[in-house]
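Some notes on the structure that comes next.
Residue numbers (this note's numbering): 1161 to 1384.
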C-alpha cells in the first residue's frame, strides 16, 4: 500500500512536469495548493486563481489544455521505463531530492538519476565547465585543478560534454572520488560510444542526473 501511494504521488509530479513544461516555475504554481495531488485534481478556475492571487503569470492556452488532460498513461509509461533501466525518479516529496534546489523558483518537478542519488546531497560541491574544444594546456590544467579539488573533498559537477567537462569528470574518477554528471537530455539517448562509457563510469562512482525523461532528446534550450 505504501509503495502504491508513493507511486501515485510520483505520477502527479511527472504529470505536472509534462503539463507545465520543463523549466516551469514550480514554486509559484504550487503556492496555492497543498500538494502535487491537489494541483492535479484542480480545475481551470483554480489554476487561473493563481494568476488572480499574483502567484503565477496567466497560463497559456497550451498550458491550460495540458492541465485539463488528467490522463496519467504517459506518466506510468515513463515510470515503467525508468524501473526497467534502473533509473531512480526523485520528486520534491522524496527525502533524497536535493534540498538546495528548493532555493530556486523553477526547481524540477522530477529528477531522473542513475547511480547513487545520495551524491546529489553532497555538502560541498563545485561546478567545472568549459570549452568543448580546449587547447591541450587547458585540458591538462582542468584535470590537474579538478583532481586537487576532488581530493580536498569537493564533489565535482559537470555536464558530460567533450572537452573540459570530460576532463573534470575523469579527474575525479582518477582519484576514486564521486562526481555528478548533469545531462541536457534523457538517460537513454545515446551521444556516441565515448560519451556512453563516461556516463556509465560516472553512474558507478557517483550520479548521472537529468530533469528530462529517459527518451527525451536534446535541443538548444535543454542544456541551460
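The beta-carbon is built from N, C-alpha and C at its ideal position, and this holds for glycine as well. Remember, predicted model here, so these are calculated numbers, not experimental data.
According to DSSP, simplified to helix, strand and coil, what is residue 1365? Residue numbering aside, residue 1365 sits at position 205 when the chain shown is read from its first letter. Of the three classes helix, strand and coil, the one that applies to residue 1365 here is helix, per DSSP.
Cutting at 6 angstroms between CB atoms, please list the residues of its own chain near residue 1294, excluding the five before and the five after it. Taking the first residue of the chain shown as 1, we reach residue 1294 at position 134. Cβ neighbours of residue 1294 beyond the five flanking positions: 1323 and 1324.
Evaluate contact between the region 1263 to 1274 and the region 1359 to 1369, counting only Cβ atoms and requiring at least three cross-stretch pairs below 8 angstroms. yes
Touch test, the region 1280 to 1292 against the region 1323 to 1338, Cβ-Cβ under 8 angstroms, three pairs minimum: Touching, yes, given that three or more Cβ pairs across the two stretches are closer than 8 angstroms.
Less than 8 angstroms between C-beta atoms, sequence neighbours within five positions excluded: which residues of the same chain meet that for residue 1260? Here residue 1260 is taken as the residue at index 100 of the chain shown, counted from 1. Closer than 8 angstroms at Cβ, skipping near neighbours: no residue.
Residue 1248: first and last residue of the uninterrupted beta strand (DSSP E) it sits in: Your numbering for residue 1248 matches position 88 in the chain shown. Per DSSP, residue 1248 belongs to the beta strand (DSSP E) from 1248 to 1250.
Might you give, ordered along the chain, the residues of its own chain that have their beta carbon closer than 6 angstroms to the beta carbon of residue 1245, omitting 5 neighbours on each side? As a first step, residue 1245 must be located in the chain shown, where it is residue number 85. Taken in chain order, the list of residues that qualify is empty.
Residues that DSSP places opposite residue 1274 in a beta bridge: Here residue 1274 is taken as the residue at index 114 of the chain shown, counted from 1. Residue 1274 is bridged to 1368.
Limits of the beta strand (DSSP E) - the one that residue 1339 falls within: Taking the first residue of the chain shown as 1, we reach residue 1339 at position 179. Residues 1339 to 1342.
Does the beta-carbon distance from residue 1330 to residue 1359 come in below 8 angstroms? Start at 1 with the first residue of the chain shown, and residue 1330 comes out as number 170. Start at 1 with the first residue of the chain shown, and residue 1359 comes out as number 199. No. Outside cutoff.
Per DSSP, the bridge partner or partners of residue 1311: Here residue 1311 is taken as the residue at index 151 of the chain shown, counted from 1. DSSP output for residue 1311 lists no bridge partner at all.
If I'm right that residue 1345 touches residue 1377 with Cβ under 8 angstroms, what's the distance once you round it to whole angstroms? Mapped onto the chain shown, residue 1345 falls at position 185. Mapped onto the chain shown, residue 1377 falls at position 217. Going by Cβ atoms, the distance from residue 1345 to residue 1377 rounds to 6 angstroms, so yes, they are a contact pair.
Could you pull out every residue in the same chain whose Cβ sits closer than 7 angstroms to the Cβ of residue 1279, ignoring the five residues on either side in sequence? If you number the chain shown from 1, residue 1279 lands on position 119. Same-chain partners within the cutoff: 1315, 1338, 1340, 1366 and 1367.
Would you list the residues sitting across from residue 1318 in a DSSP beta bridge? Against the chain shown, residue 1318 aligns to sequence position 158. BP columns for residue 1318 point to 1341.
In this structure, what does DSSP give as the bridge partners for residue 1287? Taking the first residue of the chain shown as position 1, residue 1287 is located at position 127. Note: residue 1287 sits in a beta bridge opposite 1317.
Figure out for me which residue from 1297, 1189, 1178 and 1284 has the closest Cα to the Cα of residue 1309. By one-based count along the chain shown, residue 1309 stands at place 149. Answer by Cα proximity: 1284.
Going by beta carbon distance, what residues of the same chain come within less than 6 angstroms of residue 1268, once the five residues before and after it are set aside? Within the chain shown, numbered from 1, the residue matching residue 1268 stands at position 108. If we look at residue 1268 and ignore the five residues flanking it on each side, its Cβ neighbours are 1371.
Could you pull the start and end residues of the alpha helix (DSSP H) that residue 1223 belongs to? Looking up residue 1223 in the chain shown gives position 63. Taken as a continuous stretch (DSSP letters only), the alpha helix (DSSP H) holding residue 1223 covers 1221 to 1228.
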